Structures are given as structure tokens and as C-alpha cells.
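Going line by line, the protein sequences match chains R and L. Quick note on full-length UniProt numbering: the first sequence kicks off at 1 and runs consecutively. Quick note on full-length UniProt numbering: the second sequence kicks off at 1 and runs consecutively. The beta carbon of each residue, even a glycine, is placed where N, CA and C say it ideally should be. A quick note: this is a predicted structure, and the numbers were derived from the prediction, not measured. Accompanying notes for the structure given below.
Number of protein chains: 2
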Amino acid sequence: MKLYHASGSPNSRRVRILIAEKGLDIELVPVDLGTREQFSDAYRAVNPRAVVPTLVLDDGTAIGETPVIMRYLDDAFEQVPLFGMTAEEKAVVAMWERRAEIEGFAAVMEGVRNAAAGLKGRAVSGPHGYEQIPELVERSKRRVANFYDDLDARLSSVPFVAGEHYTAADITALVAVDFAIRAFAMPIVDQHAAIRRWYERVSVRPSAMA
Amino acid sequence: MKLYHASGSPNSRRVRILIAEKGLDIELVPVDLGTREQFSDAYRAVNPRAVVPTLVLDDGTAIGETPVIMRYLDDAFEQVPLFGMTAEEKAVVAMWERRAEIEGFAAVMEGVRNAAAGLKGRAVSGPHGYEQIPELVERSKRRVANFYDDLDARLSSVPFVAGEHYTAADITALVAVDFAIRAFAMPIVDQHAAIRRWYERVSVRPSAMA
């Protein structure tokens, strides 16, 4: 089993953190986004959407889409469950993981893709080119501000994003926050005391270095 | 168990089709989007994102997010598996389901939300208001055109979206295509013979009426 990834790709980091939390031994194969290796014929044969990460199983089956990879690894390897144990628990975690993705992660990503000079003509991830729309950058920042408010409210009532335990939902929320800090210079402010408490707890886990 | 839904909501239809395919008996509770009932305190207590659908289990647990509801119902009720049987099969189906969502369904939805007069100030689903960006409408239509091309290529090599069998990925792709036909007046053209063959097959299943 091997994971095609890129070191600077926040989606790749979501999977790497999950792998680290579960203590899995999976070969990492770098894809050089700087030379647009993801658009090479060789990589498109692995993932026709031309995005990282992709997990390739020993039988050659390619699993794309970050949350799908995360869930697959958690289903396939029982140690350190990061989506809970029952179908109901898995659904609750997957719901919160997806909310963190849509409201947080995807909002930052949309802003970055529509702003970065290096992504001109590639405003939407995937194999097709689209021009940037500058208005989306400001809208994305407002979405991230709302994500912070909502995340703070959530973490004021429970210690972790999906409830009482650290789960895959914390991984996506952490990567989203780190991405917003780095790409949008949107730090966690003092008023968001619940996010700050949570962030100090999840970002010191060894997996956060992944 | 009951499903909060809206009859005109394409996301609700994804879940209703899955329920019909599996032959499940789940109470449907209508949410009136026309009077903005999804923003009521009562509904926000069920789903803080203020979106339909939401599945509420007998113990009161609320499961939001359409693909999460679909996967939960398939995990919880073994009859007529729509994501396959093994962890690997489920991952492959979930990957193709998500691709149909991101490249097809979400592209149509983005165009509609940024165009419809009735959605002014609500260009992004969820509890927060955002102004429409007209440029996104054209970009969304180009994304749907690319989705059609890619879907046709895929269906030229396999009979169903995820491979040899009808799965949850076909449900999302069918709802995306019907949504594009209705909202964008983008019919399946003659050149897309593989989509047409597939569409004629999946749209006559009784579940498609759901």
C-alpha cells in the first residue's frame, strides 16, 4: 500500500496525520506539484482527477478523495479508531469531519485557488482549467471567519469537534485552521478561547507534525 | 427513524432514491424551504447548518450531510448494498459518489445559488448569508459541461459510474444530471451516447421517482 502525496498539500496532510495517529506503516510517494507532476500521464492513470492524495492498495486499486481515504484506512485497520466503532458513531464523526471540510477547509482552499499567482487559470482543483474570480477571495475570508465563530461555539460545549474524543473531525479542523493561519494570516483570536484551548491540545500531538 | 427533507431539494432526493432502492420504511418529515423553515429554531436544533436533509435516529441522534446519511443507511441496513460489501468496495464507490458530487452536483448547485432571484444573499448553503457572484454562474456551466464529458468517457468503459453495478454513485450522478437539465437547460447531447445509454437505464428504475 502506498500514498501518493505532496508535502505542502493540506489534503495530503489530513491523510498523513490520520496515518500517524493510527501508527500505520504506509509508503509515501511524493508528487511534485511544483513541476505539475499531478497532470502527468503516469499520475493521471492513478487518479484521473489529477489531485493528491491517492492511496494505492497492494492489488492496484486506487482510492482517491481525501475523506474517502481517511475512512477507508480507519475501516481497514482497526487500531486507534478515528471514526468511532459503530455505524452510528462513524456517521456522527463523518458528519462533523465533512462540516469542518466544507465550512473551513474548502473555504480556505477556494480563497487560495482564486488568489494565488501560481494558480492562475487553475481556480478549481481537478483536471480542467478555470480562471480565477477575485471576488471569491473576500467571500472565502468571510466564510472562514464564520467557520471560526461556529467552531468556537461548538468547542465551548464539547472538548473535541465530534464530541468527547479526538477523531478524524479534529484532523480536518486542525488542518483547516493551520491553512487559514498560513494562507490568510487569520490567527485564532483571544475571543475564540474554546478554539485556542482545543488547538493547544491537538496541535501538540506528535501526529500534527505529519 | 425519520428523514427531514424537502420535495424540491436535490440533496433530499439523493437520500430518497437510496431509501427506495433499499426498500426502507422511513418516515419523511417535510421542511418547507419556501417559508425558510430550515432557519427556524426548531430545525436548527436538529441541524445547526440549517440544511436538508437530516436523518434523526430513534435515540434522537441527528445525522446531517447527504453522503454521510447515504453511507450510514447502507451500513446500518444490509439489504441491497449500494456501496458494495467490503471496505475496499465501499471506498471505491464512495470515491466515485464524491466525484459525481463535486464535479457534477456541486457545480450545478453553485450556479443555481449564485443565479436564482430567490436566493439573493444566500449564495452559499448553510446558516450564513453571502451575496451572489454572477461570474460563478458561467463558470459553473463550464464545470457541468466538463462533468458531462468526463462522465461520458467513464461510462464508455463501464456500465455504471462506480463500475459493474448500480451503486450510490449512480444516484448522485443521476440527480446531478436531472438538476442540470432542469436548472441549466443542459440536456444530454447526442455525442454523449454513453451517458444517454446509462441515463435511460437508471432513470427508469422506480426509485428515480423518489
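Given residue i as reference, the closest of the options once Cα atoms are compared
i, options, result
"residue 91(R)", "54(L), 127(L) and 96(L)", "54(L)"
"residue 23(L)", "30(L), 29(L) and 15(L)", "15(L)"
"residue 205(R)", "174(R), 154(R) and 34(R)", "174(R)"
"residue 10(L)", "200(L), 183(L), 188(L) and 192(L)", "183(L)"
"residue 116(R)", "76(R), 107(R), 134(R) and 105(R)", "134(R)"
"residue 119(R)", "196(R), 153(R) and 35(R)", "35(R)"
"residue 7(L)", "42(L), 43(L) and 52(L)", "52(L)"
"residue 191(L)", "104(L), 151(L), 106(L) and 165(L)", "151(L)"
"residue 176(L)", "112(L), 157(L), 85(L) and 124(L)", "112(L)"
"residue 186(L)", "146(L), 44(L) and 156(L)", "146(L)"
"residue 12(R)", "75(R), 40(R) and 105(R)", "105(R)"
"residue 44(R)", "103(R), 165(R), 89(R) and 4(R)", "4(R)"
"residue 160(R)", "199(R), 42(R) and 76(R)", "199(R)"
"residue 155(R)", "100(R), 132(R) and 181(R)", "100(R)"
For residue j and residue i, the rounded distance between their alpha carbons
i, j, result
"residue 178(R)", "residue 209(R)", "12 angstroms"
"residue 194(R)", "residue 17(R)", "22 angstroms"
"residue 60(R)", "residue 46(R)", "9 angstroms"
"residue 228(R)", "residue 49(R)", "Not covered by the structure: residue 228(R). The range shown for chain R is 1 to 210."
"residue 58(L)", "residue 1(L)", "5 angstroms"
"residue 67(L)", "residue 69(R)", "15 angstroms"
"residue 170(L)", "residue 202(L)", "8 angstroms"
"residue 80(L)", "residue 121(L)", "41 angstroms"
"residue 163(R)", "residue 197(R)", "15 angstroms"
"residue 74(R)", "residue 25(R)", "14 angstroms"
"residue 102(L)", "residue 108(L)", "10 angstroms"
"residue 207(R)", "residue 165(R)", "16 angstroms"
"residue 89(R)", "residue 189(L)", "43 angstroms"
"residue 19(L)", "residue 93(R)", "22 angstroms"
"residue 124(R)", "residue 132(R)", "8 angstroms"
"residue 77(R)", "residue 27(R)", "16 angstroms"
"residue 21(R)", "residue 33(R)", "26 angstroms"
"residue 56(R)", "residue 42(R)", "13 angstroms"
"residue 180(L)", "residue 180(R)", "33 angstroms"
"residue 153(L)", "residue 153(R)", "45 angstroms"
"residue 65(R)", "residue 40(R)", "18 angstroms"
Residues sharing a beta bridge with residue i, DSSP
i, result
"residue 4(R)", "29(R) and 54(R)"
"residue 148(R)", "Looking at the DSSP assignment, residue 148(R) forms no beta bridge with any residue, so it has no partner."
"residue 160(L)", "163(L)"
"residue 63(L)", "55(L)"
Residue i vs residue j beta-carbon contact at 8 angstroms
i, j, result
"residue 130(R)", "residue 98(L)", "no"
"residue 172(L)", "residue 83(L)", "no"
"residue 37(R)", "residue 31(R)", "yes"
"residue 114(R)", "residue 144(R)", "no"
"residue 72(L)", "residue 87(R)", "yes"
"residue 95(L)", "residue 63(R)", "yes"
"residue 140(R)", "residue 110(R)", "yes"
Residue i Cβ short of 7 angstroms to the ligand ZN heavy atom set
i, result
"residue 90(L)", "In terms of ligand content, the structure shown is empty, and the ligand ZN therefore cannot be addressed."
Return the chain-ordered ranges of every beta strand (DSSP E) run that is complete within the stretch 59-143 of chain R and spans a minimum of 3 residues.
Complete beta strand (DSSP E) runs here, min 3: 62-64.
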